[in-house]
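S.K.:
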Amino acid sequence: MKTGKLKKYIRSAIFVVIGCYISAVIISSAMMSQMTQITYNATAYGTTLREDIVDFKTNTVQRNYYDYYGNPTGHKENLINPTKEFGIKCVCSFSLLPLWRKNYFNLLIMDGDQYNIVRSYKESENVIYGSNAYPLTYWFVLQAIDNTLK
Numbered sequence: 074m075k076t077g078k079l080k081k082y083i084r085s086a087i088f089v090v091i092g093c094y095i096s097a098v099i100i101s102s103a104m105m106s107q108m109t110q111i112t113y114n115a116t117a118y119g120t121t122l123r124e125d126i127v128d129f130k131t132n133t134v135q136r137n138y139y140d141y142y143g144n145p146t147g148h149k150e151n152l153i154n155p156t157k158e159f160g161i162k163c164v165c166s167f168s169l170l171p172l173w174r175k176n177y178f179n180l181l182i183m184d185g186d187q188y189n190i191v192r193s194y195k196e197s198e199n200v201i202y203g204s205n206a207y208p209l210t211y212w213f214v215l216q217a218i219d220n221t222l223k
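Oh and the sequence shown: position 131 is 204 in my numbering, straight run, nothing missing.
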């Protein structure tokens with residue numbers, strides 16, 4: 074195959090990938106506009122150690138800490154200003170959070186760490202569960218939640 078044709082195929086493949094990503098972001102953004110709450114739980118051996126709740130109805134974000142027996146040990150709450158709300162919704166849209174799979178597992182690591190993210194919409198709820206495996210954009214969403222608490 075000539076290099077000219079190869080470049081043409083590569084260029085068209087790049088355009089297709091970019092087009093698919095833009096379409097996914099648009100779909101994700103439409104779903105984010107319907108989202109009412111995001112709840113993130115970090116667990117160890119089935120016990121919740123940290124819970125973050127971003128509530129778009131009341132414009133608040135809460136972080137609750139628990140010990141290994143499930144007893145509350147700390148709490149932090151902030152109001153979300155419109156800039157932070159826009160920021161977290163943009164990050165969640167661009168990270169394609171509404172399009173993540175339901176389960177992520179890595180069976181090679183057995184350390185007891187798990188997480189779950191509950192996305193609440195106006196008419197439904199969706200739970201993502203993971204154990205030592207993460208979507209590519211997982212850390213962006215966690216950073217966005219952390220930034221709303223600062």
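By construction, the Cβ of each residue, glycine as well, lies at the ideal position given by its N, Cα and C atoms. None of these values were measured; they are calculated from a predicted model.
1. Out of V89, E124, R174, L79, which has the shortest C-alpha to C-alpha gap to L215?
2. Quick check: the Cα distance between R84 and Y94, rounded to an integer number of angstroms?
3. To the nearest angstrom, how far is it from the Cα of K157 to the Cα of G77?
4. Give the list of continuous alpha helix (DSSP H) stretches no shorter than 4 residues that lie fully inside the region 90-130.
5. What are the start and end residues of the alpha helix (DSSP H) that includes I161?
6. Work out the CA separation of S96 and I87 for me, nearest whole Å.
7. Would you check if the distance between the CB atom of N220 and the CB atom of G147 is smaller than 8 Å?
8. Measure the CB-CB distance between N114 and T121 and report whether it falls below 8 Å.
9. Can you tell which of D184, A117, D128 has its C-alpha closest to the C-alpha of Y138?
10. Identify whether N205 lies in helix, strand or coil by the three-state DSSP scheme.
11. Compute the beta-carbon to beta-carbon distance between Q107 and I126, rounded to the nearest angstrom, for a pair I have assumed lies under 8 Å.
12. Within 10 angstroms of the Cβ of K162, are there 16 or more other Cβ atoms? Answer buried if so, exposed if not.
M.R.: In this structure, then:
1. E124
2. Distance from the CA atom of R84 to the CA atom of Y94, rounded to whole angstroms, is 15 Å.
3. 47 Å
4. none
5. 155-167
6. Going from the Cα of I87 to the Cα of S96 covers about 14 Å.
7. no
8. yes
9. A117
10. coil
11. Not confirmed; about 18 Å, so no contact.
12. buried
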